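According to our numbering, the sequence shown holds residues 60 to 262 in order.
Every residue gets a Cβ at the ideal spot worked out from N, C-alpha and C, and that includes glycine.
A quick note: this is a predicted structure, and the numbers were derived from the prediction, not measured.
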Amino acid sequence: MKCAAACRKTGVVLLDEIGEIIRRARKERKMTLKQLAEETGLSVSFLSEVERGVANVSVAALARVARALKLETIGLAESGREADTGKEKRKEEVTLVKKDRRIRILQPGYDAVPELLTSDFGQRIDAMYVKLKPGFESGPDPFAAVKGEKLLYMLEGEAAMTVCGRTYELSKGDSIYYPASSPIRFQNTRDTDAEVLVVLVSR
60 MKCAAACRKT GVVLLDEIGE IIRRARKERK MTLKQLAEET GLSVSFLSEV
110 ERGVANVSVA ALARVARALK LETIGLAESG READTGKEKR KEEVTLVKKD
160 RRIRILQPGY DAVPELLTSD FGQRIDAMYV KLKPGFESGP DPFAAVKGEK
210 LLYMLEGEAA MTVCGRTYEL SKGDSIYYPA SSPIRFQNTR DTDAEVLVVL
260 VSR
């Protein structure tokens, strides 16, 4: 698949082009769409559209599909490698992510490109670096379906963030903590880039 090859080379995850990988993994496991729907809590019609490439899948839904198919969450779009389910990760396990090896997540309708600071998405704690161009205004949050809490820290610049209808002005060094499922709107109203660190703790 062209997308899979590109992902391996660039570390970019194109969430709207992974249907072929999902379908292949499902068939290899002799799993029906109905069975996958029962495992993930997603509808059969939605999963069918994702596999046919006519519907985009959010990061949260992707994580559910990956767990059901026993695939690495972000690795699903990179290479279709199976996760090692025979061993539990040791608590002392250390993973290093070099700056030039970060996985970038492209989401249709979301102009910013989050870069994972963790080795994969779907762990109990995920961290992302996001650069927001001047004039950026967020669309739907691709991670809003994840249950848990978020902490956003302003690394550089200034921005306005609306959480549950209330707007907060953020400057360099400021941080804001909120439920991951909260409706948010993020704006960079300045003429310089804004850089943020987002930490997501899943339940």
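Tell me the rounded alpha-carbon separation between residue 113 and residue 101. C-alpha separation (whole angstroms): 16 Å.
Give me the residue from 129, 215, 156 and 187 with the minimum Cα distance to residue 86. Closest in alpha carbon position to residue 86, among 129, 215, 156 and 187, is 129.
Residue interval of the alpha helix (DSSP H) (run including residue 80): Counting along the chain, the unbroken alpha helix (DSSP H) around residue 80 starts and ends at 78 to 87.
Could you have a look at residue 113 and say whether DSSP puts it in helix, strand or coil? Three-state result, residue 113: coil.
To which residues of the same chain is residue 61 closer than 6 Å at the C-beta, ignoring the five residues directly before and after it? Since pLDDT at residue 61 reaches only 36, below the 50 mark, its modelled position is unreliable, and no value is offered.
Within 10 Å of its beta-carbon, does residue 179 have 16 or more other beta-carbons around it, so buried, or fewer, so exposed? Buried, because 16 or more other Cβ atoms sit within 10 Å of the Cβ of residue 179.
Specify, as a first and last residue, the run of the alpha helix (DSSP H) that residue 93 falls within. DSSP places residue 93 inside the alpha helix (DSSP H), whose first and last residues are 92 to 99.
Just to confirm my understanding: we take residue 183, look at its own chain, exclude 5 residues before and 5 after, and list those with CB closer than 8 Å. What are they? Same-chain partners within the cutoff: 260 and 261.
Relative to the C-alpha of residue 197, which candidate in 127, 242 and 161 has its C-alpha closest? For the residues 127, 242 and 161, the minimum Cα distance to residue 197 belongs to 242.
State buried or exposed for residue 109, treating a residue as buried only when at least 16 other CB atoms are found within 10 Å of its CB. Its Cβ being crowded by 16 or more others within 10 Å, residue 109 is buried.
Between the beta-carbon of residue 253 and the beta-carbon of residue 216, is there less than 8 Å? Contact flag set, yes.
If you run the structure through DSSP and keep just helix, strand and coil, what is residue 135? Interpretation of residue 135 is limited by its pLDDT of 49, a score under 50 that renders its predicted location unreliable; the figure taken from the coordinates is listed afterwards. In the three-state scheme derived from DSSP, where H, G and I count as helix and E and B as strand, residue 135 is classed as helix.
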